[in-house]
Amino acid sequence: MPLAPPSLFERVLARFAFGFRAIADTSAQLTRAWKPRPRNINFRSSMRARLLPFRVACEFPGAALGVAGRAPASAPLQCIAKRPWLWTQKRSAKTKSTIKASELTQGALTPLPPDEVALQPEKSYPTVLQQHLNNVRKFKDCVVLTRVGDFYEMYFDQVEQFAPLVNLKVAKRATTLGDVPMAGFQHTQLERYLKMFVQDLGQQVAISEQIPIPESERNSKNGTMLFDRRVTRVVTAGTLIDESFMDPFENNYLLAIHFGGALPAAHVVVDDRATYEQYRRNMKVGLSWVDLSSGDFFTQVSDLATLPSIVVRIGPREVVLDQALESADQANLQRLISDADLPMHFHPAPRPATPLEDWTPMLERAIPENKDADFTTFEVAAGSLLLDYVRHKLLDIKVQLLPPVRRTDDDYMAIDKQSLRNLEIRSTLRDGATQGSLLHAIRHTVTKSGARLLSQRLVSPSMSLTVINDRLDLVQEMLSYDSLREDIVALLRQTHDTFRLMPKFTAGKGDADDLLGLAKTINVMQKLSSLLHQHIVDNQDRLMHEDSNYASQDLTFLWDILGRLDLDTPGKAAEKIKSAIDEDGLSRKHSIDEAAGIEAEGMADEVISAEAAGEKGPSLTRRRSKAASADKSADMNSGEIWIMRRNASSTLERAHRDIDQLMEAKSELAQKLRKDLQSESLSLKWSSQLGHFCHIKGRDAKGTLAALEGARIIGSTKSTKSFYLSQWTQLGVLIDDAKNRIRTEELRVLIKLRASILENLIKLRRNASVLDELDVACSSAHLAKTRNLTRPILNTSTTHNIISGRHPTVDASLTSQGRSFTSNNCTVGSPHNKISLITGPNMAGKSTFLRQNALITLLAQTGSFVPATYAELGLVDKLFSRVGSADNLYQDQSTFMIEMLESAEILKQATPRSFVIMDEVGRGTTPEDGIAVGFACLHHLYHVNQARTLFATHFHVLADMTREFEGLECFCTSVVENKDDGTWVYAHRLRKGVNRDSHALKVARLAGLPERAIEVAGEVLGELQREKGRRGERSVVEGKELEGAVSAGTG
């Protein structure tokens, strides 16, 4: 009789009564025939039949005892062994079995096979955590952010290390291996936290995105894994592309350095200074730097001695070095590169270096063959390291850089790191801020890219008279024609930052907003071209006027600008973009996205706060689901927001016609249902749980659906009723299908528009550079008009002739306060005045005079007008500044040591074409030593360097010691005292002569020093002066006696 399968109670009883393993050992000898149990079987007999096999298995092991049951061939033994309750015994006629003793097996029985111990599955982290952990192990030097739904999250040790530094709340996630620390933030806040990680903390961030796994591949990997989380990009300070937290007014450079030899050890600096200096000047260094946000790419070869100055001029955000240097002394390496604390990372350098032709895939166009030989092996090595590092950090993102531009010392004025800092060109000495610097004082650009160009020009003034004069001609034209300048500025305000938009398209990130921005910029370029052309036509026949000596009669510089503007194919691309993208729809979409982002941020804060407090998190799934359903329901009523116009393509136009017909059919269906059911509140809806359904609310919900054929109620309350209707379901599916077709076609149109921009990549960048030059010229013209600046005259001489010069920054500050600046003349460099020795009291303007002439020189060679009545300057190849005081205790360098290091660099590098300013050399030691050092510097500058020099000092005796220097003139400042009331004022006007009184006590009183202290200082000063007078008298008497003795001896 077939039996039913055992119940749960019977299985538990069998397992505890007979033992699972004993049953399994004999399972191969036992049989069972399984069929469904008949309804009339007696429970007691069935129970006995089920338990009998277990009793037999325990009492009579072995098949030799003649068990009556037989196992069916189809019954798998392993299944039977693991499920002993399946054993059954069929009743049959009694039989008798006889076995001879000789047939019984003799001796020891064959051992049974070992039991299969059920292996417990190894404990492991959930899939998301394991993927994150794998990425952490792969990118060891990075903070790994893993995308999980709408969040980016960190886990494990990095949470405890970095979460408090960026103000993230720490929570815990329970796993089988214990609680795992976690912290996260909403995905819309990614750039905010990237700024803190990358710029503030100097970390590299690996971004792990969730990439959907195709359904066809899920079984092979993991049937339950929907996403593969892998790192798609590593963000570092120097590899930013389109991040909003980049400084819009400065370039974001990544610098790679290749050393052409072994680095000198730190102890060599102290032990053998001469050998160290010689090695620094002989050791070649290759540099390559790139701005991924604009595509600018440069290379240069230099030496170890000038490397720190070049690094300061470049201003990189990150430095890349060969991984072989990772074991070097890091403090010594940092000192050799820069005094600034720059983020340094190490990367395996390609060996051999990548040839130039292999750079082409990352360039917008190949390097011309005739330029290949110009690049040295050091530059190629640095460029190869740089591009390989970029490839490894961007991973899947592609960039198209401008071809590399070689920088040489002959093309630009060299400004050492001390001068860049002391002259406060881009930042102030006190707090490193831009406000108060020269750049801040002269920057009136209206575009961000124009501001970046001006900043580059300030630190790299040109050495080409042609380039400088072309820039000055353009400024002169903008200054002479106010209406032209104002029209250009008004147009420039409408442009977008083309240089920083283009990398987004090369990386495949450009969206509809970026396309519209470029289209508007191209339209502005067309208007500018027309404006300049009309200006040339109107003025090309004008004659030279006496008051416009520098105006170009044929306006060659303007024709050159027009010739560089290529607007044919970019103009066509702009028209396609404007005719395809619906700006109104795009604006509405942004409004919705912004509202959704705010809501998502609020939800994220709720979740994080709940987890941090150890409370149960809010149920956001239902809230988001309701919101999505509400959006979808509203969408089904009014249609989605599309960002492309209907006529953007023929396919899109047909799809919109289809959806219009479907929406009209939907409206007719709704009206018909309202009429049939006499329910004005009926609406056709959709939700993610229910799909397409009909909804009635209010008093209408009390009616019946008898009038509708095929209606099926799915929900009903006192005030609402929901039901399915096949007509609406079928229509809703068609509407969804039509919308999907529109989305697909809009994406295709967007990709096509992106391709049209990439086809014009080279032209757009070239056109953008013209806009930047116009912006800088208009800025300089505006500055010249409002500050009364004049056009400088530059030549190839080695003289300076500045009349009524002013400090550009101080003058602007005083003017804003309603005060005036005291101007001064500067004539230096002529054979009779190679050096100007300047003395005078403290606070009388010596340092300001020195700085203002250095800044006027710099502005002139950038192509800007200068704050002076007249300025005629010979080109300067190197600008040196030794002013101010500072120490570097970290590198064990005192104020005097810093002063001597800076002075040494000047004396070693200055040439007859250089311009040198030195302020109070030797003040950091005893007066005697200071005088000796000061005289030695003057002597070397006069006889060896022969450079134009302004030398300010409080050591008045230097004027007496240099009387034999025919090319040295003395100038001074002083104070004007009122003898009646004792008041005094500074006379900032420079005059010839020597001022031997520093008026230090007057300055001390002005600074608020206690009167008693000033009295003591006056008494001590008087005594010192009297003692000095007595020593002078004794020296005169002794000198006369010695002279008389010598005369007597001679006679």
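Heads up: the sequence shown is residues 1437 to 2487, going by the numbering used here. A virtual CB, placed ideally from N, CA and C, is assigned to each residue, including glycine.
Roughly how many angstroms lie between the CA atoms of residue i and residue j, to the nearest whole one?
i, j, result
"K1532", "E1539", "17 Å"
"L2203", "D1918", "Reading off the sequence shown, one finds Asn at residue 2203, where the question assumed Leu. Between N2203 and D1918, the C-alpha separation is close to 23 Å."
"T2492", "A2443", "Since the first residue of the chain shown is 1437 and the last is 2487, residue 2492 is not available in this structure."
"A2064", "K2133", "Confidence at A2064 is low in this model, with a pLDDT of 46, below 50, so its placement is unreliable and no value can be given for it."
"L2426", "K2344", "30 Å"
"T2234", "T2389", "24 Å"
"Y2306", "D2365", "40 Å"
"T2113", "L2194", "Note that residue 2113 is Leu in the sequence shown, not Thr. Whole-angstrom Cα-Cα distance: 58 Å."
"W2122", "Q2166", "12 Å"
"S2215", "R2223", "12 Å"
"S1729", "L1823", "15 Å"
"Q1970", "L1889", "27 Å"
"L2210", "V1925", "9 Å"
"Q2163", "L1837", "57 Å"
"L1964", "S1885", "17 Å"
"S1863", "T2258", "24 Å"
"D2313", "S2272", "20 Å"
"S1916", "K2428", "38 Å"
"S1896", "L2294", "9 Å"
"R1929", "T1881", "10 Å"
"E2100", "S2119", "14 Å"
"G1620", "F1685", "31 Å"
"M1590", "V1670", "15 Å"
"D2029", "R2082", "22 Å"
"E1860", "K2188", "48 Å"
"A1464", "V2169", "Since pLDDT at A1464 reaches only 40, below the 50 mark, its modelled position is unreliable, and the value read off the structure follows with that caveat. If you take the alpha carbons of A1464 and V2169, they lie about 58 Å apart."
"K1853", "P1744", "7 Å"
"I1677", "G1731", "9 Å"
Do residue i and residue j have their CB atoms nearer than 7 Å?
i, j, result
"V1579", "F1598", "yes"
"R2190", "F1941", "yes"
"D2002", "K2199", "yes"
"Q1640", "T1668", "no"
"F2351", "R2384", "yes"
"F1733", "L1757", "no"
"I2077", "G2021", "yes"
"L2386", "L2286", "yes"
"L1740", "I1693", "no"
"T1582", "S1644", "yes"
"V2411", "H2435", "yes"
"I2171", "F2159", "no"
"A2213", "M1849", "no"
"T1675", "P1840", "no"
For residue i and residue j, which I take to be in contact (beta-carbon distance under 8 Å), what is that distance rounded to the nearest angstrom?
i, j, result
"Y1629", "V1602", "6 Å"
"P1779", "L1690", "So it is not a contact: roughly 10 Å between Cβ atoms."
"L1875", "S1891", "6 Å"
"I1878", "G2299", "Actually they do not touch by this definition, with Cβ atoms about 12 Å apart."
"I2367", "G2360", "Actually they do not touch by this definition, with Cβ atoms about 13 Å apart."
"R1749", "I1851", "7 Å"
"D2355", "K2282", "7 Å"
Tell me, please, which residues DSSP counts as bridged to residue i.
i, result
"I2178", "According to DSSP, which records beta bridges pairwise, I2178 is partnered with nothing at all."
"E1589", "T1582, G1620"
"C2262", "I2238"
"F2351", "L2315, R2384"
"S2103", "Partner(s): none; S2103 has no beta bridge."
"E2405", "S2272"
"N2203", "Beta-bridge pairing links N2203 to no other residue."
"H2376", "In the DSSP output, where bridge partners are listed per residue, H2376 has none listed."
Is any heavy atom in the ligand NAP found nearer than 6 Å to the beta carbon of residue i?
i, result
"G1944", "Judged by which ligands are present, the structure shown has none, so any question about the ligand NAP falls away."
contact_flag[the stretch 2367-2384, the stretch 2247-2254] where n(CB pairs < 8 Å) is 3 or more: no
Three CB pairs or more closer than 8 Å across the stretch 2008-2021 and the stretch 1952-1969: yes
Three-pair Cβ contact test at 8 Å for the stretch 2260-2277 versus the stretch 2227-2246: yes
Inter-stretch contact at 8 Å, needing at least 3 Cβ pairs: the stretch 1611-1621 / the stretch 1561-1579: yes
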